[in-house]
Amino acid sequence: MTFAQALQSWHDFYLTAGAASATLVGLLFVGLSLHIRVVVSHSDVRALARVTLTNFFVIVLIALSILIPTSSATNIALWVLLVGLVSLGLMLRPAVEGLRNRSNRTLGLRVLTARFGISALGFVAMVVLAGLFATGNYEAGFNGLVTVVVVLLVTAVRNTWDLLVTVADKTAAADP
5 MTFAQALQSW
15 HDFYLTAGAA
25 SATLVGLLFV
35 GLSLHIRVVV
45 SHSDVRALAR
55 VTLTNFFVIV
65 LIALSILIPT
75 SSATNIALWV
85 LLVGLVSLGL
95 MLRPAVEGLR
105 NRSNRTLGLR
115 VLTARFGISA
125 LGFVAMVVLA
135 GLFATGNYEA
145 GFNGLVTVVV
155 VLLVTAVRNT
165 WDLLVTVADK
175 TAAADP
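Take 5 as the starting number for the sequence shown in our numbering and just add one per residue.
Next up, the structure:
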């Protein structure tokens, strides 16, 4: 299968993944904005919200990179590499802040560690997959990206649920 054929064969999957992720990130914004005081007053909640938004946005960016017409696997390799590295960098500070704060922690340490760790592994996998695209092994690259997209999406949806339940609990506890 040529690169162009392989790229075209993934079109519908990435169109769906990107649209679903964009929709879910919008719903997360609405849900969190209704309880913004809880989000900004708890560093662990704020950190998990940030990594969750990053996961959704990374899925959109991956989808866009596949949907952009190109004749070169190298273009996808560079895009996936850049998004993976930047996402990993953007996640580090919130992860450290969320994990470090022990006195005002709303979410369990295991939950935070697992969610940040899974996201970080997804971003590292993107760097590895960029190497596959760059070396011409684009079929393995496309297959690997599916795993990354699904893992990031499942993690982001689970994070979203935890965030919405947590902010609702904190809001209910604060209301007399």
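Note that CB positions come from ideal geometry on N, CA and C, so glycine has one too.
Going by DSSP in three states, residue i sits in which element: helix, strand or coil?
| i | result |
| --- | --- |
| Met5 | coil |
| Pro73 | coil |
| Asn141 | coil |
Can you give me the start and stop residues for the alpha helix (DSSP H) that residue i sits inside?
| i | result |
| --- | --- |
| Ser25 | 15-37 |
| Gly121 | 113-138 |
Would you mind giving the Cβ-Cβ distance between residue i and residue j, rounded to the nearest angstrom? I have them listed as a contact below 8 Å.
| i | j | result |
| --- | --- | --- |
| Ala87 | Ile66 | For clarity, residue 87 is Val in the given sequence; the question names Ala instead. Contact holds; Cβ gap of about 7 Å. |
| Phe60 | Leu19 | Not confirmed; about 16 Å, so no contact. |
| Asn163 | Thr56 | 4 Å |
| Leu36 | Ala24 | With 8 Å as the limit, Leu36 and Ala24 do not qualify as a contact, their Cβ atoms being about 18 Å apart. |
| Pro98 | Ala172 | Rounded, the Cβ-Cβ distance is 22 Å, inconsistent with contact. |
Buried or exposed for residue i, please, with buried defined as at least 16 other CB atoms from any protein chain shown within 10 angstroms of its CB.
| i | result |
| --- | --- |
| Phe33 | exposed |
| Met5 | exposed |
| Thr58 | buried |
| Val44 | exposed |
| Val42 | buried |
| Gly30 | exposed |
| Gly140 | exposed |
Using CA coordinates, which residue listed in the options is at the minimum distance from residue i?
| i | options | result |
| --- | --- | --- |
| Ala2 | Ala26, Ser47, Leu85 | Examination of residue 2 is not possible in this model, given that the chain is present from 5 through 180 alone. |
| Leu92 | Thr78, Arg114, Ser75, Val62 | Val62 |
| Gln9 | Leu125, Leu85, Pro73, Trp83 | Pro73 |
| Ala124 | Ile80, Val153, Leu11 | Val153 |
| Val84 | Gly126, Val49, Leu116, Ala53 | Gly126 |
| Leu71 | Gly22, Val44, Arg97, Leu28 | Gly22 |
| Leu167 | Leu11, Asp48, Ser13 | Asp48 |
| Gln12 | Val128, Leu52, Ser76 | Ser76 |
| Leu89 | Asp16, Gly135, Val169 | Gly135 |
| Val155 | Ile122, Thr164, Arg54, Phe146 | Ile122 |
| Ile80 | Ser37, Arg119, Tyr142, Thr117 | Tyr142 |
| Ala129 | Gly140, Leu116, Val150 | Val150 |
| Leu219 | Arg114, Thr78, Phe120, Leu113 | There is simply no residue 219 to check, as the chain begins at 5 and stops at 180 in what is shown. |
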